[in-house]
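Take the sequence shown: its position 25, counting from 1, is numbered 17 in our numbering, and each next residue is one higher.
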Amino acid sequence: MKLRSLALLSFCVLLAACSKVNQENYSKISAGMSKAQVEQLLGSPTECSGALGMSSCTWGDQKAFISVQYAGDKVLIFSGQGLK
């Protein structure tokens, strides 16, 4: 039973360490990138919303996230918080 718990804990730590929501990937985002390029870098967003040709997508959670605002299909502005 202890081995199973240790394996599960190790998996969770490894999964958290592999997050694409980090400072390195944030620094690769630039204005004018396409949605496809951002999603290739960060994976599928956690949440998206938008209207009238403008949209906003967020990756991560309340502690660490990257938020990208698009005009059409292109990055307009972006921000991040809690990135390591």
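Where a beta carbon is used, it is the ideal one built from N, C-alpha and C, also for glycine.
Close Cβ partners of residue i (< 6 Å) along its chain, the five nearest in sequence each way excluded
i, result
"cysteine 49", "Pro37, Cys40, Val60"
Own chain, CB closer than 8 Å to residue i, minus 5 neighbours either side, in chain order
i, result
"isoleucine 58", "Val13, Asn17, Tyr18, Ile21, Leu34, Thr50, Trp51, Gly52, Phe70, Ser71, Gly72, Leu75"
"glutamine 15", "Gly72, Leu75, Lys76"
"glutamate 31", "Pro37"
Same chain only: Cβ atoms within 7 Å of residue i, ignoring 5 sequence neighbours per side
i, result
"lysine 55", "Gly74"
"lysine 27", "Tyr62, Asp65"
"glycine 24", "Lys66, Val67"
Member of the options whose CA lies at the smallest distance from the CA of residue i
i, options, result
"methionine 46", "Gln29, Leu68, Ala23", "Leu68"
Residues that residue i bridges to, as DSSP identifies them
i, result
"valine 67", "Tyr62"
"glutamine 73", "Phe57"
"alanine 43", "Met46"
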